[in-house]
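Asker: Take a look at this one; I'll ask things after.
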Amino acid sequence: MTAPPELVQQVPLFADLDKRELQGLASSMKERTFNEGDTIASEGQTGVGFFLIEEGEATVSIGGEERGTLKAGDHFGEIALIDDGARTATVTAKTPLKVYGITAWEFRPMVEDNAGLAWKLLKEMAKRLRDAELRAG
Numbered sequence: 004m005t006a007p008p009e010l011v012q013q014v015p016l017f018a019d020l021d022k023r024e025l026q027g028l029a030s031s032m033k034e035r036t037f038n039e040g041d042t043i044a045s046e047g048q049t050g051v052g053f054f055l056i057e058e059g060e061a062t063v064s065i066g067g068e069e070r071g072t073l074k075a076g077d078h079f080g081e082i083a084l085i086d087d088g089a090r091t092a093t094v095t096a097k098t099p100l101k102v103y104g105i106t107a108w109e110f111r112p113m114v115e116d117n118a119g120l121a122w123k124l125l126k127e128m129a130k131r132l133r134d135a136e137l138r139a140g
C-alpha cells in the first residue's frame, strides 16, 4: 500500500509539491508496521530512509535520554535521505505504529528533478546545523 497524498502533503518539506509530484512521491512510499517496543531507527546506525507516521506514537531518544514523542503526521529520517549517514536519534514504537517510508535511492531522482524540493531540503539542513551549533555553544 502506498501513502495517501494528503498525508504526505502535511510534511512541510513536501507541502509545495504540485499534484503530480505529490502523487509520484506518495506512490513511491511503502507502508510498514511496527509493534510496540520495536526500534525503527537506531542512533549511530546507518539509515537509508524517511518515515511518515500515519497511526500510533513513537519515542525519540538521544544518548539513551528520551527527547520527545512522534505522532500521526510527524516524520523522521530526512537527513538519511541525503547522506545515508548515521542516525542522529533512536526512534522506538511507543504503540503499534503504521508508517510510510521511502529510501534514499527512490527519493534522489525526485530531488534532482525538483529544484523547489531541493531548496527546501537545503533550508531544513541549514536550520538543523544552526540548532546544533547553538546547542554546542
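First residue of the sequence shown? That's 4 in my numbering, and the numbers climb one at a time after it.
Built from N, CA and C at the ideal position, the CB exists for glycine as well.
All of these numbers come straight from a predicted model, not from anything done at the bench.
So what does Leu-154 bridge to, in DSSP terms?
Answerer: Residue 154 lies beyond the range of the chain shown here (4 to 140); nothing can be said about it.
Asker: Candidates Leu-20, Gln-48, Thr-93, Ala-89: which alpha carbon is nearest Leu-124's?
Answerer: Leu-20
Asker: Would you kindly work out how many angstroms separate the C-alpha atoms of Ile-65 and Gly-71, rounded to a whole number?
Answerer: 10 Å
Asker: What is the residue span of the beta strand (DSSP E) that Leu-73 lies within?
Answerer: For Leu-73, the enclosing beta strand (DSSP E) starts and ends at 68–73.
Asker: Provide the residue span of the beta strand (DSSP E) that contains Ser-64, from first to last.
Answerer: 61–65
Asker: Do Tyr-103 and Leu-25 have their CB atoms nearer than 8 Å?
Answerer: Not a contact, by the Cβ cut-off of 8 Å.
Asker: Within the same chain, show all residues whose beta-carbon is closer than 8 Å to that of Ile-105, passing over the 5 residues directly before and after it, in chain order.
Answerer: Answer for Ile-105: Leu-28, Ser-31, Met-32, Lys-33, Gly-52, Phe-53, Leu-84, listed in chain order.
Asker: Please report the straight-line C-alpha distance between Arg-23 and Leu-16, rounded to a whole angstrom.
Answerer: C-alpha separation (whole angstroms): 16 Å.
Asker: When the Cα atoms are used, what is the spatial distance from Ala-118 to Glu-68?
Answerer: Their Cα atoms are separated by approximately 37 Å.
Asker: Going by C-alpha to C-alpha distance, which of Ile-43, Ile-82, Ala-44 sits closest to Phe-110?
Answerer: Among Ile-43, Ile-82, Ala-44, the Cα nearest to that of Phe-110 is on Ile-82.
Asker: Taking 8 Å as the threshold, find out whether the region 38–46 comes into contact with the region 84–96 through three or more Cβ pairs.
Answerer: yes
Asker: Taking just the CA atoms, how far does Asp-77 sit from Leu-132?
Answerer: Rounded to the nearest angstrom, the two C-alpha atoms are 20 Å apart.
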